[in-house]
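Following this note's numbering, the numbering of the sequence shown begins with 3 at its first residue and continues without gaps.
For glycine and all other residues, C-beta sits at the position ideal for the given N, C-alpha and C.
All values reported here derive from a predicted model rather than from experimental measurement.
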Amino acid sequence: MVKARAWLQRETASSLVEQELFDPADLSDAPATADMLQTVARQLLNKRQIIVFTGAGISTAAGISCFQGPYNANPQARMMLEAFQLNNFENDFWTFITELRQQCKGKRPTVFHRMIDGFSQRQQLKWTFTQNIDGLERLCGHLGDKVTYLHGRLDQLRCTKNAAHKTAFEAPNGVYGECPVCIELKTEPPGDSGDIVKPRRSSRIRDQVGRLRPDIVLYGEDTPEADSIGEQIRNMKLAPQADALIIAGTSMTIAAARNAVETLKAGLSEGSEVFWVNLQRVPKSIEHLIDVPLLTSTERFGNAVLDMWRQQSTAV
């Protein structure tokens, strides 16, 4: 990619790195060298507000399977997709969801997660959008509310009647039935004796009580948060203040994700760059959006950035 090669030449012109290192016929097909990663890491030191857009590839180093691409660490992961049948909340479905939840419990944030957290700690992170449902971002110490979970979170359940009703993904005997929030709202206030009167279980009341379901986007469902991301970006005024966008660990096969990145790119400040960090080459559908493609693992990229921070701190 000509613009990627020109960017790298510009950024390394005053460094000790020889420009010949960045002369493959097409950088989008060439694995990222250590010098390329160092150059990008150095450039990120000067970014004021960074937006990060991630997919399943950033969590495989934590031992969480990815369903597709070269990140797939579990050959059986694709078979699990059959359990994601829309509205099929039967025993087999809950067994799979519970097993998936158990797979994520106890996992720790990866190097790439720590890099995002570091951006936030250094006051460089504008926002992060993730398509992952593992919730590893919640274990980072500095992200706070600067995270949008486009496909939901596996650590909580939501009501089928009212999506605002949330409850933790923990229940006696693994049984998930009626929404406890709905039931509580239908409970009558204490009587004169101070005793709480149990809710009337009439058919009318039961119709107003939803059932629990995973708070994640199932296969075949729409992605309302992702589809409304353009409006969210405009309302939050994210992009105009951002000067870098990092897209990492995602194949960008979902149309809503591509639309989100298009919106983010269009609103970036002048002179900003869009970085692609992935073991796969840039898809043709978004090739026009990428300034710097880096064919490398997200962990290797994260380590390069963390190393640059360490060098900066020791030099002070």
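Residue nearest to residue 166 in terms of C-alpha spacing, selected from 123, 135 and 212: 212
CA nearest to the CA of residue 217, picked from 49, 160 and 147: 160
Distance between beta carbons of residue 162 and residue 183, contact taken as under 8 Å: Residue 183 to residue 162, Cβ: 12 Å. No contact.
Through-space distance from residue 300 to residue 274, alpha-carbon basis: 21 Å
Member of 139, 38 and 44 whose CA lies at the smallest distance from the CA of residue 61: 139
In DSSP terms, what residue 56 is bridged to: 132 and 250
From 152, 250 and 46, residue whose alpha carbon lies closest to that of residue 126: 46
Buried versus exposed call for residue 215 [16 or more other C-beta atoms within 10 Å across all chains shown]: buried
Three-state secondary structure assigned by DSSP to residue 277: strand
Which residues DSSP lists as bridging residue 294, in chain order: 277
Whole-number beta carbon distance between residue 304 and residue 116, since they are thought to touch under 8 Å: 7 Å
Distance, residue 119 Cα to residue 130 Cα: 10 Å
First through last residue of the alpha helix (DSSP H) which encompasses residue 34: Note, residue 34: premise wrong, no alpha helix (DSSP H); not H, not E.
C-alpha gap between residue 266 and residue 247, whole angstroms: 8 Å
When 35, 254, 271 and 43 are compared against residue 307, the one with the closest alpha-carbon: 43
Beta-carbon gap between residue 249 and residue 277 smaller than 8 Å: yes
Euclidean distance between Cα positions of residue 113 and residue 164: 36 Å
Secondary structure of residue 154, DSSP reduced to three states: strand
Beta-carbon proximity check, residue 50 vs residue 293, cutoff 8 Å: no
Cβ neighbour criterion (16 or more within 10 Å) applied to residue 59: buried
Continuous beta strand (DSSP E) stretch holding residue 218: start and end: 214–218
Contact test: residue 97 Cβ vs the ligand COA heavy atom, cutoff 7 Å: Although the ligand COA was asked about, the structure shown includes no ligands whatsoever.
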